[in-house]
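>
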Amino acid sequence: MALSLEQKRKAIEADIIQRKEQLAQKEDELMHLQILIPQLKAAIANHESMLKSLTRGVEESTDTLNLEQTIHRSPMDMLRNEFKGMRLGNIAAQVLDEHSISLTTTELARLIYETKNSDEFSRARNSLSAELRTGVRDSHPRWKKIGRNAYASLQYSQEEAA
1 MALSLEQKRK AIEADIIQRK EQLAQKEDEL MHLQILIPQL KAAIANHESM
51 LKSLTRGVEE STDTLNLEQT IHRSPMDMLR NEFKGMRLGN IAAQVLDEHS
101 ISLTTTELAR LIYETKNSDE FSRARNSLSA ELRTGVRDSH PRWKKIGRNA
151 YASLQYSQEE AA
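Rendered as C-alpha cells:
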C-alpha cells in the first residue's frame, strides 16, 4: 500500500503544524525559564546573604563586649605597658631620645601604642601628632621637627649639627 503523493503532502503538513506547536510551547517554556532563572538566582543570593548575616551575628554577639571596649578606648588606654602612667609628652621625648634617628608620627605611634585595629591606630597617631606639634612650638621645645611629620630629639639635632 503505497501512499499517494497527496497523502504524503498532508502527512508532512500535519507533522510541520505539530512541530510548530511543539516549538511554540517550548519557546514559551524557555521564555518563562529565562524570567524565572534570574529571580531564583537573586533569591538564592538573598538567602545566602541572610545566612551570612545570621552566622556573623552569632559570632559577633560573643565578641560584643570586646568590640565595645575597643571602640571606646582612649589613646591613653592604648599605651604600651612600659608607658602606662606617664604623660604623652614625656613618652615622646623618651622614645625620641632613645632613637638616634628622626621618626615619623606613624613610627612613633607604633612604638608607643598597642592598638587593636586601624581606627584605634589612627586616633592614637592623631593624638600623638597634636602632642608633637605642641612640643615643637613651646618656648622651650622638647624635640625638633625634621621634614614632614618627622621628629627627632634635640640631642640628635645637636649631634647632626656638630
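130 is the number that full-length UniProt numbering gives to position 130 of the sequence shown; each next residue is one higher, with no gaps. By construction, the Cβ of each residue, glycine as well, lies at the ideal position given by its N, Cα and C atoms.
Pop quiz: Ile-112 and Arg-80 are said to be a contact at Cβ under 8 Å. What is the actual Cβ separation, rounded to whole angstroms?
On the sequence shown, residue 112 is found 112 positions in, with the first residue counted as 1. On the sequence shown, residue 80 is found 80 positions in, with the first residue counted as 1. Between Arg-80 and Ile-112 the Cβ distance is about 6 Å, and since that is below 8 Å, they are a contact.
> Taking the beta carbon of Leu-132 as the centre, do at least 16 other beta carbons fall within 10 Å, making it buried, or is it exposed?
Residue mapping note: residue 132 aligns to position 132 of the sequence shown, counting from 1. Classification for Leu-132: buried.
> When DSSP labels each residue in this structure, what does Lys-145 get in the three-state scheme?
To locate residue 145, count along the sequence shown from 1; it is residue 145. DSSP places Lys-145 in strand when its eight states are reduced to three.
> Going by DSSP, what residues sit across from Thr-104 in a beta bridge?
Against the sequence shown, residue 104 aligns to sequence position 104. Answer by DSSP bridge pairing, in chain order: Ala-150.
> Suppose you measure from the CA of Ala-93 to the CA of Arg-137; what does that come to, to the nearest Å?
Walking along the sequence shown from the start, residue 93 turns up at place 93. Walking along the sequence shown from the start, residue 137 turns up at place 137. In a straight line, the C-alpha of Ala-93 is about 14 Å away from that of Arg-137.
> For Leu-79, which of helix, strand or coil comes out of DSSP?
Working through the sequence shown from its first residue, we reach residue 79 at position 79. If DSSP states are grouped into helix, strand and coil, Leu-79 belongs with the strands.
> Enumerate in chain order the residues of its own chain whose CB-to-CB distance from Gly-89 is below 7 Å, with the five nearest sequence positions on each side excluded.
As a working note, residue 89 is residue 89 in the sequence shown. Cβ within range, chain order: Glu-131, Gly-135 and Arg-142.
> Figure out for me which residue from Gly-147, Ser-100, Met-76 and Ala-150 has the closest Cα to the Cα of Glu-120.
Counting from 1 along the sequence shown, the entry for residue 120 is found at position 120. Comparing Cα-Cα distances from Glu-120 to each of Gly-147, Ser-100, Met-76 and Ala-150, the minimum goes to Met-76.
> Just to confirm before moving on: does the CB-CB distance between Met-86 and Glu-114 stay below 7 Å?
For this step, residue 86 is matched to residue 86 along the sequence shown. For this step, residue 114 is matched to residue 114 along the sequence shown. Against a cut-off of 7 Å, the Cβ pair of Glu-114 and Met-86 comes out as no contact.
> Would you tell me roughly how many angstroms separate the C-alpha atoms of Ser-129 and Leu-96, rounded to the nearest one?
Within the sequence shown, the letter at position 129 stands for residue 129. Within the sequence shown, the letter at position 96 stands for residue 96. Roughly 14 Å separates the two Cα atoms.
> Which term fits Lys-8, buried or exposed, when burial requires 16 or more other beta carbons within 10 angstroms of its beta carbon?
Numbered from its first residue, the sequence shown carries residue 8 at position 8. With fewer than 16 Cβ atoms within 10 Å of its Cβ, Lys-8 is classed as exposed.
> Measuring alpha carbon to alpha carbon, tell me which of Ala-42, Leu-54 and Leu-154 ends up nearest His-140.
Position 140 of the sequence shown holds residue 140. Comparing Cα-Cα distances from His-140 to each of Ala-42, Leu-54 and Leu-154, the minimum goes to Leu-154.
> Going by other Cβ atoms of all chains shown within 10 Å of its Cβ, with 16 needed for buried, is Leu-54 buried or exposed?
Start at 1 with the first residue of the sequence shown, and residue 54 comes out as number 54. Burial check for Leu-54: the Cβ neighbour count within 10 Å stays below 16, so the residue is exposed.
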